[in-house]
Amino acid sequence: MSVTFNDLAEYIFPDVKETISDLEKRFPKRNLKDGALVVRFAPSPTGFLHLGSLFTSLINSKIAKDTGGVFYVRLEDTDTKREISGSAKELIDQLSYFDIIPDEGYLGDKEKGDYGPYQQSHRADIYKVCIKELMKQGRAYPCFCTAKELEEIREVQEANKEIPGYYGGYAVYRNTTPEEALEKIKAGTPYVIRFRSLGNHLNKIVIHDLIRGDIAIAENDLDVVIMKSDGLPTYHFAHAVDDHFMRTTTVIRGEEWIASAPIHVDLFNALGFPLVNYAHLPVIMKLDNGNKRKLSKRKDPEASVALFIEKGFPKEALEAYLMSIANSNFEEWTLENKTFDISKFPFTFEKMSLDGVLFDQDKLNYFSKEIIASWSANEVYNRLLEWSKQYDKVLYEHIENTKEFTTSILNIERGGEKARKDFISYSDVYPSIKFFFNDEYENIVKDGYPFNDFMEPGLIKEVLEDFMSSNDYSLPNDLWFNTVKELGVRHKFAESNKIFKQNKDAYKGHVGDVAEMIRVAVTGSKNSPNLHSVLTILGKEEVNRRINKAIENLK
RNA sequence: GGCCCCAUGGUCAAGAGGUUUAAGACGAGACCCUCUCAAGGUCUAAUCUCGGGUUCGAUUCCCGAUGGGGUCACCA
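Residues 3 to 557 (my numbering) make up the first sequence, in order.
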């Protein structure tokens, strides 16, 4: 009695009783309103979340929200060798940092939704149902090739300048009888299960892409591995099965998947599943020795999203930057609508760029600067507190219990048309405001003050002493500055740079020099935010203490 | 190398046959403003890869070349 594929399938999967049509019932079609898209982000837990993944998940999440659909996360953890423990949870945490909260799916410590499990490693039974059925139809078969044999086949193909891969005459176990296969399996020979493709490489198929339009590409004829020797499915197979039974409508993924799309089409067809819609996103690239290349998880740690968070880029800045890559009209939209809120932006696939984009740090900086400047001092304080708690202990200790003081500092020149825009990230804040804190001030000036060498110490002392005894900075900024001019004039300084330039010999300097003396004494630096604000916040007592210290240092 | 995708300034890009002496933003430079640094204002430089077609006319359509990118695993 000869062995059939049916027997082989029963032998390999004795416990599998379900059929594909059972699964169809188990995972019924979703009840969604017209136009609602079901999309997913399907990361593999092999390392940190990088910019490209964030980009993809942002677009997916955005589309689901905009269409009233579903955005879910599926963990593609079928590569046990490359898996990094803990990275899956981290991925979810980082996504939530960007307010990308899945409607369902794998959520780090739990799952949510009716189409699970959402971890591929927990879906073995589902894949096996499909494989068993494929095998019964003769569309799947065991392959006993070793890595070495596969290597040899490839070498021959390369030498003959043929297309590499397991297909046609090179598919050595394609025509093995079920009987022989069964014998080998019984003998304990390791094997994988391959898909039997009926495709012809010479035929072209057309794949419709929501972003690119029709893509004509050679039909698949590869007998790809669908189940690895460890019993887990490969990406291609899991993609077809999962996206079908999770009722995904639209697969939005990176451009690097276009090349394998024919395999997916082949698989969907063989399984009798209607094809999902595809949208292939452009990849984010970087310049490497003058060459552009795809941002790589392994080679480019600087593309790690965690690093951007650590450096203190607001989530809104990353989101805005990524959206400007997705739809370049986003930037003009922000200008018109005076908001960087991507949730209000009308994103479309049509506006999507087709070419890979170079990562542009300057542009990210720009968004970040604008966004931080648009916040209230209170908002900045809260963000700073949250960020510093984890990434900058020194800052945290200084601001934790000084909310009012710190907020007043952060409020200097904030708001209005000419708002101060000097913070690219949270990490820029402290260096520019630390002098306000007494211990930091002491530290800054312990090696001296950066007074200009061409100013005589005696003169500086004279001016500063006069300032202390005469100045009243309870006046409004403009009037106050007039008193600084008067102070300068008393000591032979020109009241403006313009006047000084007209006759330099008549003056010892100009009012800018006077202001600088005060600034250097009080802040320990030649640069600072608005002097009047600084003095007001510090208060007369502290200002005078600092000035006296500076004078002391001049001797 | 085969196959696929792409092709406007340094970067992101408007443009969808004549209305373009080719928008805008970031970046760069200059000037103005100014008590410093930022910010703000004004201005400048900088682009249609190259050949063939089609057309009265091509940045725009077609073909080819060139260039860039992607992909060719028991990785996703």
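Just so you know, even glycine gets a beta-carbon here, dropped at the ideal spot from N, CA and C.
Small disclaimer: the values here were computed from a predicted structure and weren't measured.
CA-to-CA, the gap between Ser98 and Gly70 works out to about 19 Å. Rounded to the nearest angstrom, the Cβ distance from Phe57 to Leu283 is 7 Å, consistent with a contact under 8 Å. In this structure Glu318 is buried. Its beta-carbon is surrounded by 16 or more other beta-carbon atoms within 10 angstroms.
Nearest to Asn293 by alpha-carbon distance, out of Ala328, Phe270 and Gly358, is Gly358. Assignment of Leu34 by DSSP, reduced to helix, strand and coil, places it in the coil class. Of the candidates Leu152, Thr191, Ala183 and Lys163, the residue whose Cα lies closest to the Cα of Ala173 is Leu152. For Cys147, there is no enclosing alpha helix (DSSP H), as DSSP marks it with neither H nor E.
The bridge partners DSSP lists for Asn279 are Thr252. Remark: C-beta atoms of Glu185 and His203 do not approach each other more closely than 9 Å. Collapsing the DSSP output to three states places Phe43 in a strand. In the displayed model, Met137 falls within a helix according to three-state DSSP.
Judged by DSSP in its simplified three-state form, Gly170 adopts helix. The three-state secondary structure of Gly514, taken from DSSP, is helix. If you look at Asp211, you'll find it isn't in any alpha helix (DSSP H); it sits in the beta strand (DSSP E) that goes Lys206 to Asp211. For Leu297, the three-state secondary structure derived from DSSP is coil. Counting other Cβ atoms within 10 Å of its Cβ, Gly54 reaches 16 or more and is therefore classed as buried.
Put simply, of Ile501, Ser231 and Lys64 the residue whose alpha carbon is nearest the alpha carbon of Lys83 is Ser231.
Per DSSP, Val72 is one residue of the beta strand (DSSP E) stretching across Val72 to Val75.
In the structure shown, the three-state DSSP call for Ala218 is strand. With a 10 Å radius around the Cβ and a threshold of 16 neighbouring Cβ atoms, Gly314 comes out buried.
A straight-line Cα-Cα distance of about 39 Å links His266 and Asp364. Note on geometry: alpha-carbon atoms of Ser46 and Leu387 lie some 33 Å from one another.
Taking the Cβ atoms as the reference, Lys528 lies roughly 6 Å from Pro452, within the contact range of under 8 Å. CA-to-CA, the gap between Thr148 and Tyr193 works out to about 8 Å. Asp223 is classed as buried because its beta carbon has at least 16 other beta carbons within 10 Å across all chains shown. Between the stretch 300 to 316 and the stretch 90 to 107 there are three or more inter-stretch CB-CB distances shorter than 8 Å, so the stretches are counted as touching.
Residues Pro47 and Leu77 of the same chain have their beta carbon placed closer than 6 Å to that of Ala90, with the five preceding and five following residues left out of the count. With a beta-carbon spacing of about 13 Å, Tyr432 and Arg385 fall beyond the 8 Å limit used to define contacts. For Ala523, same chain residues with a beta-carbon under 7 Å away, outside a window of 5 residues either side, are Tyr451, Leu466, Arg548, Ile549 and Ala552 in chain order. Taking the C-beta atoms as reference points, Phe438 is found nearer than 9 Å to Leu540. Under the DSSP assignment, Val307 falls in the alpha helix (DSSP H) whose first and last residues are Val307 to Lys313.
The distance from the Cβ of Arg249 to that of Tyr108 is about 16 Å, inconsistent with a contact at the 8 Å cut-off. The secondary-structure analysis by DSSP pairs Tyr398 with nothing; it has no beta-bridge partner. Secondary-structure assignment with DSSP links Phe495 through a beta bridge to Gly511. Distances from the alpha-carbon of Arg492 to those of Ser472, Asp507 and Phe43 put Ser472 closest.
The beta carbons of Tyr129 and Pro235 sit closer together than 9 Å.
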